[in-house]
Amino acid sequence: MRVLYRNRITPDVTITAASMALDLPAKNIAHPHLSRIYRTGKNDANEWISIDLGSAQAVQALILYAHTLTAGDSDIRLQGNSSNVWTGPSFDMEIPYYERKMTLWLPEEQAFQYWRIVFTKSSASESRDIGAVYLGLYDEYEMSPAQPDGVKITPTDLSTTDRVPGGQTYSDKRGIYDRIDLDFPGAIPEEQSAQMLALARTCGIHTPFYVSISPQDKPYAWLYYVKAQSLAAQSVRLKLGRKILWSASMRLEGEI
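Right, here's the structure in full:
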C-alpha cells in the first residue's frame, strides 16, 4: 500500500501549458477540488504542461486524476530536466494509459526543477481535461490492510428521495462518493506507525491526499483521492522489549 501526500505541485509553483481554454488555466491542476479542472485548447494536437518547482526536488510518482485523455491519444510522457529546454530531457518516461486516472511509479527517485507532462491528442480540434496532478514522494507501508476483510469500500449516494402523498417517489440526484475503511489489526511495525502519524498530522481531516491500496494487483481500481473522515487510531498490539507493534485503522472519504 502506498500513500501520497507530499505533492511538489502547489499553488505557489509556476505552471504553464501549450494551450488553455478560457477560464480553465493550467494552474488548476494544483487546486484541491477535482471540479476545478484544466482544459486544453482546440487548435493543436500536441499538448504539454510545464511545471517549474523553483528548485530541484525529489519525485517518485506521478498521478493524473480525473482526466479525459482517450485511448486514441498518444505519446503520453513525463519529462524532467535541470533547465527549461526540452530538446533532450534528462528524464523521459511513458505514462501507461488508463481512463480517468493514470499513475507512473518511477523506477528510482529523480530530482529536477523542471518537469513536463506531454501528450498528443487524437484530434487537434478536441480538448482534454485534467482535474488534478500529483508529482512527489510516497510512503510505502510494510503491512497492508488485513485480508480478507480489511478493505471495505462503500459507495455513498448524496441524493435525497421523498415520497408524495400519492405514494410516488421523487429524487434530487447528487454525487456518489466512496467511503474507504482500512483495518490493520495485525502487528504494524513502528516505522509504519510513524508514517501514519505523520500523515495524520500533515493532512488531518482538511487536506486531500492519494492512496493506492494495492499498486500491483489493482493499480487503478483501488487508487483514490481522499480526505480522512477521522484520524487514524492506533493501539499497542504487542511489546517486545523496546520494540512496539501496533494495530490501526483508517477511515477515508473519496473526493468527487
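Each residue of the sequence shown is one higher than the one before, starting from 89 at the first, in this note's numbering.
Think of the CB as a built atom: it goes at the ideal place given N, C-alpha and C, for glycine as much as any other residue.
Just so we're clear, the structure is a prediction, and the values are computed from it rather than from any experiment.
Between Leu194 and Ile183, the beta carbon gap of about 11 Å keeps them out of contact (Cβ cut-off 8 Å).
With respect to the 8 Å criterion, Ala336 and Phe272 are classified as neighbours on the basis of their beta carbons. Under the three-pair Cβ rule at 8 Å, the stretch 123-135 does not count as touching the stretch 168-178. Per DSSP, the beta bridge partners of Gln145 are Phe200. With fewer than 16 other beta carbons inside 10 angstroms of its own, Tyr258 counts as exposed. Of the candidates Leu287, Ile293, Leu311 and Ser215, Ser215 places its Cα closest to the Cα of Pro113. Taking a cut-off of 8 Å on C-beta distances, the stretch 160-174 touches the stretch 200-209, as three or more cross pairs fall below it.
Rounded to the nearest angstrom, the Cβ distance from Val252 to Leu152 is 44 Å, too far for a contact under 8 Å. At least 8 Å separates the beta-carbon of Glu197 from that of Gln256. Thr290: member of the alpha helix (DSSP H) spanning Glu278 to Cys291, first to last residue. Less than 8 Å separates the beta-carbon of Tyr312 from that of Ile268. As a beta-bridge residue in DSSP terms, Asp245 pairs with Ile264. In this structure, the alpha-carbon of Met231 lies about 42 Å from that of Ala106.
If you check the CB distance, Asp237 and His155 do not come in under 8 Å. The Cβ atoms of Gln201 and Ser170 sit closer than 8 Å to each other. About 5 Å separates the CB atoms of Tyr265 and Gly342; that is less than 8 Å, so the two are in contact. Listed in chain order, the non-local C-beta contacts of Tyr185 below 8 Å within the same chain comprise Leu157, Ala159, Asp161 and Ile164, local neighbours out to five positions each way being set aside. Ile97 and Asp250 have their C-alpha atoms spaced approximately 43 Å apart. Beta-bridge partners of Thr102 (DSSP): Asp140.
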